[in-house]
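Each residue of the sequence shown is one higher than the one before, starting from 450 at the first, in my numbering.
Beta carbons: idealized from backbone N, C-alpha and C, even for Gly.
To start, the structure itself, in structure tokens.
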Amino acid sequence: MLKPGMTTGKFDYQFSQSDIDAFNQAIGIDAGHPLTGQAALTLPIKLMTSVNLPWQEEIPQPLIHGRQSFTYHQTIQANKTYQIEISISSVRPMTANGQDTLMFEQIIAGWDQDQVVFQAKSLLIGYLSNQGGPAHEAHA
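This is the structure we're talking about:
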């Protein structure tokens with residue numbers, strides 16, 4: 450069961466230039482764009498799928514991003530080792546449109562030694578009942 454305070458603990462991670470380029474291309478920053486080669490502000494979200502989270506099996510699917518925010522003190526650099534910690538800060542079961550859902554906030558933080566470089570907060574919503582998501586009526 451997801452609980453506030455769950456954490457990965459700090460671990461080392463590097464964003465390679467190819468990781469940055471592939472992520473940029475996936476979000477529409479193609480060659481020739483002014484940000485080509487630079488880390489997109491949303492890059493920390495990549496860690497949600499590239500790191501094995503201890504609570505991965507407990508995250509209900511489908512998962513919807515409710516809102517996201519990003520805070521930077523420095524730009525993410527390719528091939529630099531950052532200390533990363535991913536944690537759950539809040540968990541709230543609720544019912545929306547007749548569906549049991551779980552709303553939780555996940556925080557991804559990155560440090561360069563003792564200095565915070567970035568923090569990404571995501572409010573995520575997962576469906577607990579009818580794992581297919583919002584109910585859709587079939588019409589004959």
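Assigned secondary structure, residue i (DSSP; H/G/I helix, E/B strand, else coil)
{"i": "Phe567", "result": "strand"}
{"i": "Gln580", "result": "Legend: pLDDT at Gln580 = 46, less than 50; position of this residue unreliable, no value from coordinates given."}
{"i": "Thr457", "result": "coil"}
{"i": "Phe553", "result": "strand"}
{"i": "Leu496", "result": "helix"}
Element boundaries [alpha helix (DSSP H), containing residue i]
{"i": "Ser536", "result": "From DSSP, Ser536 is part of no alpha helix (DSSP H) but of the beta strand (DSSP E) over 530 to 545."}
Continuous beta strand (DSSP E) stretch holding residue i: start and end
{"i": "Ile513", "result": "512 to 521"}
{"i": "Leu502", "result": "Looking at the DSSP string, Leu502 is not in any beta strand (DSSP E), and its letter there is neither H nor E."}
Beta-carbon proximity of residue i to residue j, cut-off 8 Å
{"i": "Glu534", "j": "Ala558", "result": "yes"}
{"i": "Met450", "j": "Glu506", "result": "no"}
{"i": "Ala527", "j": "Gln466", "result": "yes"}
Cβ-based burial, residue i [other Cβ within 10 Å; buried from 16]
{"i": "Gln555", "result": "buried"}
Distance cut-off 7 Å: residue i Cβ against heavy atoms of the ligand SAH
{"i": "Ile478", "result": "The ligand SAH is not part of this structure, which contains no ligands at all."}
Own chain, CB closer than 6 Å to residue i, minus 5 neighbours either side, in chain order
{"i": "Ala488", "result": "Ile469, Ile525"}
CB contact check: residue i to chain D, cutoff 8 Å
{"i": "Gly515", "result": "Of the chains in the structure shown, none is chain D; there is only one protein chain."}
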